[in-house]
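Protein chains in written order, with the UniProt record's numbering: chain A, 1 to 290; chain B, 1 to 359. Backbone N, C-alpha and C define an ideal beta-carbon position, used for all residues, glycine too.
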Amino acid sequence: MTRQRFIFLTLAPATLVLVTLALVSTGGALWFSVMNRALRSPDSEFVGAYNYLRLLRDKRFFNALEISAIWEVVTVAGTLIVAVLLAVLVHETVKRALWRNLICFAFLAPVLLPRVAAAFIWRFLYSPSLGLANWFAGLFGIGPIEFLADPKIALLSVAVVDIWQWGLFFTVILVKLLETLPQDPIEAAMLDNARTWEIHAFVTLPMLRGPIISLALVKAVESLRSFDLIFVMTGGGPGTATETLDLYAYQSGINLGGRISYASAMSILLLVVTTVAFTFIWRAGKKWSR
Amino acid sequence: MANISCTGITKSYGAHPVIDGLDLTVADHEFVVFLGPSGCGKSTMLRMIAGLEEVTAGRITIGGTDVTDLHPGARGVAMVFQSYALYPHMTVADNITFGLRRLGVPKDEVARRLRDVAAMLGLDALLDRKPKNMSGGQQQRVAMARAMIKTPKVFLFDEPLSNLDAKLREKLRTEIRKMHNALKTTTIFVTHDQLEAMTIADRIVLMRAGAIEQQGTPDEIFDRPATRFVADFIGSPTMNFRMGIIRNGVAEAGSIRIPLPPGRFAVAEGQEVELGLRPARMGLVAGDAPGAIHGRVVLIENMGAEGQVIAEVNGAEMSFVTKEFRRLAPGDAVSFALSPDHLHIFDRASGRSLLNKDA
């Protein structure tokens, strides 16, 4: 068998599944987006770019776009900051392998939870009357705080759950990466009068720049898929304070509006925006990690 | 003023001590080499002086200050690692000045010292490069610059030349010694290469299994080894050893008869000993010369200016070095002898040299 045929034969099954699942549904969404299909009537007709043009006049769409952007920035940055700080803390304070492994195991638990389960756990924690979070706040004489009902902090409260799941997971990865670093440059830095935080800020973390950028990209892609978490915790509310693009598409297309074509147009636009954005982020990431 | 003194240094991993009650002093301006086989504790000793390894028991002072519990950065020492240990993401200039910047030295002062050090080590053209784009020799030069710019009280070198090829190793060895002659900074240099130790040391501290086997100038170590271990470790080609016995003031080993100068060795009549004969102290002689050793050539190793001849004597191999090796061929009968006063005699049980102290 020639090399070319081998490559073709091994790639074919996966490509076939990908084409069937991704391209057919994308093609379907594209087709729906130029029709005026809705759930309340069986008929539909071709309307061209009408749905797209309407999107550009839809304030709720731009609100969702803004919420999505904030969600991306907050969860990616939050996850990395938490992971870096915790990883350095664990690396510096827990020296025994047994304790370190136990902590890593505990930190892995949240990400193993299904999103919906995590969301329910935190809804109870956030509850104004029964929740642990408000009990703590009460100890300091604050509250009760409406974590999920206050539009100012609802998005942040949901982001905390996402960061709780992924920040701790990335902590484990970073702890393991810190362990693999060569000791000599770190010892050289100690002899160069660097304090512990300076060793990490100027030596170890820059040495891990490549892996950290990769983690950021993984998290950025993952953050786009937070529909289940937000849906269970707030359903996009209060009002539209936590309504990301995928939530708005769901609300207008399936839940209440039933305007499938309009939602499809939104999905296509989301696809285009994220593809373009990630192409640039990917290129920049590759440049930085060099 | 930066003499180093270590008293009662003990280092244990778990219950197992690798260094047990070691005492050592290094005088100001001295260039001391820790020499020994791998696992003898020489690197551990250096790392304890640097502060990178905790001391289980004992005290270390540098320039009169007890540094045993001080952070490595506060000891006034600079270290050059075998792996160079450069910061991979920083330029050469940033690597060299990292320590000064951590101390908050003013910028123009840092720039001035960087210029001086770069000029001294020939790094001017490389200051903007990253370590990965440089050769091993260049990287080690950067590591030396990083150590020098701090003007430390003590330089510590941990096998700095082991990762370099032979030619470069020789060149940098010379440079390190020249640097020491110019700066006069107290230096400890760790190596397992006896030739390296012989060539650059003021004093060699030969270690074995966590203890000092012998310390002295390279000449003392080479010509008056205190034990069989030292005699075996130092010198290339290695010393020939033969089991022998003392009879009528002559050391006998098989057909070998070497007369002993009276009073030179503390040996008794009939004592069973081990004889040590350095190949470099032997040469061809006429067959009837006194003390001549007769053998048959097995192999000749051409080393350019001279050759090592391996001869079979009484069923065992013995080597000697001669410039006239070119007229010999394998299978030839050969007679050679040790030059007078270069015989070593060791106690069979303890391995200690039986040479009289004042001889």
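About 5 Å separates the Cβ atoms of Leu125/A and Leu132/A, confirming a contact at the 8 Å cut-off. Note: Asp158/B is bridge-paired with Val190/B in the DSSP secondary-structure output. For His180/B, the enclosing alpha helix (DSSP H) starts and ends at Ala166 to Leu183. By the Cβ criterion, the region 217 to 234 of chain B is not in contact with the region 248 to 265 of chain B, since fewer than three pairs of Cβ atoms, one from each stretch, lie closer than 8 Å.
Met233/A and Trp164/A do not touch by the CB rule: their CB atoms are close to 12 Å apart, not below 8 Å. Only Leu191, Asp192, Asn193, Ala194, Arg195, Glu198, Phe202, Val203, Pro206 and Met207 from the region 191 to 208 of chain A bring a Cβ to less than 9 Å from some Cβ of chain B. For Tyr13/B, the beta-bridge partners assigned by DSSP are His16/B. As a beta-bridge residue in DSSP terms, Glu301/B pairs with Gln308/B. Between the C-alpha atoms of Ile70/A and Gly239/A there is a straight-line separation of about 17 Å. Here Thr44/B is buried: its Cβ has 16 or more other Cβ atoms, across all protein chains shown, within 10 Å. Around the CB of Asp288/B, fewer than 16 other CB atoms lie within 10 Å, so the residue is classed as exposed. No Cβ-Cβ contact shorter than 8 Å links Glu274/B with Phe157/B.
When the alpha-carbon of Val92/B is set against those of Leu277/B, Gly210/B, Ala111/B and Ile176/B, the nearest one is in Ala111/B. Within a 10 Å sphere around the beta-carbon of Leu215/A sit 16 or more other beta-carbons, which makes this residue buried. When DSSP states are grouped into helix, strand and coil, Gly253/A belongs to the helix group. For His89/B, the chain A residues whose C-beta falls within less than 8 Å of its own C-beta are Pro206, Met207 and Arg209, listed in chain order.
Between Val55/B and Ile9/B, the C-beta gap is smaller than 8 Å, which places the two residues in contact. Residues of chain A whose Cβ lies closer than 9 Å to the Cβ of Met79/B are, in chain order, Glu187, Ala188 and Leu191. Residue pairing by DSSP places His344/B opposite Gly276/B in a beta bridge.
Here Glu109/B carries a helix assignment [DSSP, helix/strand/coil].
Along the length of the region 65 to 117 of chain A, whole alpha helix (DSSP H) runs at least 4 residues long occupy 97 to 112, reported in chain order. Bounds of the beta strand (DSSP E) holding Glu317/B are Ala316 to Thr322. In the DSSP assignment, Ile258/B falls outside any alpha helix (DSSP H) and within the unbroken beta strand (DSSP E) covering Ile256 to Pro259. Secondary structure of Asn133/B (DSSP, three-state): helix.
Taking each of Ala268/B, His192/B, Ala211/B and Leu338/B in turn and checking the Cα distance to Glu159/B, the smallest one comes out for His192/B. For Thr180/A, the three-state secondary structure derived from DSSP is helix. For Asn240/B, the enclosing beta strand (DSSP E) has its first and last residue at Asn240 to Arg247. In terms of beta-carbon proximity, Asp228/A stays away from the interface with chain B, with every pair separated by 8 Å or more. For Leu70/B, there is no enclosing alpha helix (DSSP H), as DSSP marks it with neither H nor E. According to the DSSP assignment, Ile199/A belongs to the alpha helix (DSSP H) that extends over Thr196 to Ile199. Contact between Asp192/A and Arg141/B does not hold, since their C-beta atoms are separated by about 17 Å, which reaches or exceeds 8 Å. By the Cβ-count criterion, Val77/B is buried, with 16 or more other Cβ atoms from all chains shown falling within 10 Å of its own Cβ.
Among the residues of the region 55 to 76 of chain B, those with a Cβ less than 7 Å away from any Cβ of chain A are Pro72 and Gly73, in the order of the chain.
Annotation for Ile142/A: no alpha helix (DSSP H) segment contains it, and DSSP assigns it neither H nor E. A direct Cα-to-Cα measurement between Asp20/B and Gly136/B gives close to 36 Å. Note: Leu22/B is bridge-paired with Ile9/B in the DSSP secondary-structure output.
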